[in-house]
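Counting with the numbering used here, you get residues 270 to 667 for the letters of the sequence shown.
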Amino acid sequence: MDFAILTHVSYSDVKLSRRARFSTVCLHAGQEPDPTTGAIITPIYQTSTYVQDELGKHKGYEYGRTQNPTRMALERNVAAIEGGKAGFAFASGMAAIGAIATLLESGDHVVVSDNTYGGTFRLFDKVLTRYQLSFTYVDTGNLDDTERAFTPSTRMLFVETPSNPVMRLTDLRAAADVAHRHGVRLVVDNTFASPYVQRPLELGADIVVHSTTKYMNGHSDSVGAIVISQRDQDNEWLAFVQNAEGAILSPFDSWLVLRGTKTLPIRMERHNANGLALAEFLSAHPKVKKVYYPGLPAHPQYELARRQMHGFGGMLAFDLGSLEAARRVLNGVRLQSLAESLGGVETLISHPATMTHASVPPDRRAALGITDGLVRISAGIEDIEDLEEDLSQALDLV
Ligand SMILES: Cc1ncc(COP(=O)(O)O)c(C=O)c1O
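So, in structure tokens, the structure goes:
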């Protein structure tokens with residue numbers, strides 16, 4: 270697949286031809302010079318309401334929760350980047366996933382990737398099961414098992430690929446076939462990959478969600494999310510729910526993410542390069558027991574990664590064999606920051622068992638390979654030599 274070409278940009282955009290390539294779309298889609306001043310950058314429309322011309326006559330904007338030009342520019346921008354019909358920006362990834370769940374009705378069943386983000390598991394397991402929704406967690410990397418998990422009540426297949434933190438992949442084209450054979454939607458959390466690395470809608474998915482907190486914004490200074498959806502009926506419902514529940518992205522956060530997507534391609538090139546280099550460095554290190562990165566030929570789904578992804582992303586994990594060894598490295602790094610989250614320009618290091626996946630019960634963590642010795646890295650865009658030197662001195666402490 271030529272990743273520079275978007276196969277179905279549906280937005281009509283004054284500046285962009287239908288053949289516009291990926292980086293051009295990231296920079297320009299959804300944005301026109303400000304009609305009042307000509308400002309090249311979409312302003313932050315920090316307003317709660319809009320003055321109407323006369324009773325029953327307004328400019329298409331009534332109230333800040335319902336419409337905001339900065340947020341709408343971001344929604345058009347990311348919809349074009351993902352190759353989707355419409356985008357809906359939310360206050361956080363969890364708010365967005367909660368909104369997607371409102372497409373379900375009481376009694377419905379969802380098949381979910383088993384090592385999905387801990388917060389997603391918490392929302393499904395602790396909140397949505399109270400509303401007569403049920404969830405089955407399977408390794409969606411195995412599509413026979415995935416299909417076996419379907420019941421007559423299944424209405425959604427919810428997939429995260431690569432999965433967090435053990436970087437297991439799901440074949441998205443095949444997953445879309447399974448979902449559609451059963452007449453249900455395929456929803457893909459594309460946060461870990463970003464649309465530079467992987468565009469699920471082009472592979473048959475119906476809905477994509479991003480925590481924009483991560484690569485889309487990319488600068489660790491905003492929490493937010495966006496849902497991109499294809500089906501007209503889903504788009505109508507998501508627009509309704511975005512307003513009805515009201516978990517919208519603020520104008521300032523929308524502006525930050527809109528700024529972030531302008532540099533997504535060049536940031537992702539460096540994230541990809543640093544991710545691969547660190548995975549290779551760690552694989553060769555005697556203190557490291559195992560490395561999880563889809564760009565290593567030793568990864569069991571390396572061929573799928575090469576087919577489905579454009580580069581292998583900036584996320585990797587490695588096992589040091591014990592909590593004590595992990596603690597020494599996590600406390601020993603100087604340049605890398607010990608913190609949750611991912612996808613920012615600076616490298617973060619974390620301990621999934623006690624941080625991102627603390628809400629996952631210990632037996633489930635063990636089954637997924639999230640051991641106490643597992644360390645996760647979100648490779649930033651620093652010079653690789655500095656990252657390797659930092660890891661090297663931390664590993665010397667083990
Ligand atoms: C894959 C994935 N999906 C969703 C979320 C939730 O996003 P947010 O923290 O913006 O609510 C996260 C957060 O880490 C994540 O890693």
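Note that the Cβ used here is the ideal one computed from N, Cα and C, for glycine as well.
Rounded to the nearest whole angstrom, the C-alpha separation of arginine 468 and leucine 402 is 28 angstroms.
The criterion of a C-beta distance shorter than 7 angstroms is not satisfied by asparagine 486 and valine 435. Arginine 391 and valine 629 have their C-alpha atoms roughly 8 angstroms apart. The C-alpha of tyrosine 562 is placed about 7 angstroms away from the C-alpha of histidine 568. Secondary structure of valine 629 (DSSP, three-state): coil. For the options His449, Val477 and Lys354, the alpha carbon positioned closest to that of alanine 462 is the one of Val477. Taken through DSSP and simplified to helix, strand or coil, isoleucine 310 comes out as coil. Here DSSP, grouped into helix, strand and coil, assigns glutamate 331 to coil. Restricting attention to alpha helix (DSSP H) runs no shorter than 4 residues, the segment 568–653 encloses them at 571–577, 592–601 and 631–637, ordered along the chain. When the alpha-carbon of aspartate 458 is set against those of Arg417, Ala443 and Asn433, the nearest one is in Asn433. Closest by C-alpha distance to serine 292, out of Leu585, Ile309, Leu565 and Glu538, is Glu538. Exclusion of the five residues before and after leucine 551 leaves Val557, Val560 and Phe587 as the residues of its chain whose Cβ lies within less than 7 angstroms of its Cβ. Between glycine 367 and serine 480, the C-beta gap is not smaller than 7 angstroms, which leaves the two residues out of contact. Excluding the 5 residues flanking it on each side, alanine 445 has same chain C-beta neighbours closer than 7 angstroms at Leu455, Leu472, Gly473 and Ala474, in chain order. Per the C-alpha coordinates, the member of His626, Asn337 and Leu372 positioned closest to glutamine 502 is Leu372. Beta-bridge analysis with DSSP links arginine 536 to no other residue.
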